[in-house]
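Trainee: Let me begin by handing over the structure; questions about it come next.
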Amino acid sequence: TYKEDNYICCPHTATGIKIYHSLNNPKDTIVVSTAHPAKFETVVEPLIGQKVEIPPSLKALLDKKSNYKEIGTDYHSLF
């Protein structure tokens, strides 16, 4: 995708595009981008040989402290 179209995408989107190109009749197919490539910069940058620019809005999110709660593996642990 990057070599042909100069389009930088995340690994998941690249997988979708690869599948799209392998279809026999992709006429009615849509590939949806799942994330900004900067989210996966450690994977994307070595593949394309350049730095991925991080938009300010994404940088603000990435700079925030994570807040999560570990839960069990059964449905009832959600409540």
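Numbering (the numbering used here), first residue to last: 1173 to 1251.
Beta carbons are placed, not taken as given, at the ideal position from N, Cα and C, and that holds for glycine.
From a predicted model like this one, the values you see are computed outputs, not experimental measurements.
(1) Using a Cβ-Cβ cutoff of less than 6 angstroms, which residues in the same chain neighbour Cys-1203 once the five nearest sequence positions on both sides are dropped?
(2) Applying the criterion that 16 or more other CB atoms from any shown protein chain within 10 Å of the CB defines a buried residue, is Ile-1243 buried or exposed?
(3) Tell me the DSSP secondary structure of His-1208 in three-state form.
(4) Are there 16 or more other CB atoms within 10 angstroms of the CB of Val-1216, so buried, or fewer, so exposed?
Mentor: Reading off the structure:
(1) For the purposes of this step, residue 1203 is taken as residue 31 along the sequence shown, with counting starting at 1. Per the sequence presented here, residue 1203 reads as Val, with Cys not at that position. Answer for Val-1203: Gly-1188, Ile-1189 and Tyr-1192, listed in chain order.
(2) Against the sequence shown, residue 1243 aligns to sequence position 71. Counting Cβ neighbours within 10 Å, Ile-1243 comes out exposed, since fewer than 16 surround it.
(3) For this step, residue 1208 is matched to residue 36 along the sequence shown. His-1208 falls in the coil class under three-state DSSP.
(4) In the sequence shown, residue 1216 corresponds to position 44, counting from 1. Val-1216 comes out buried.
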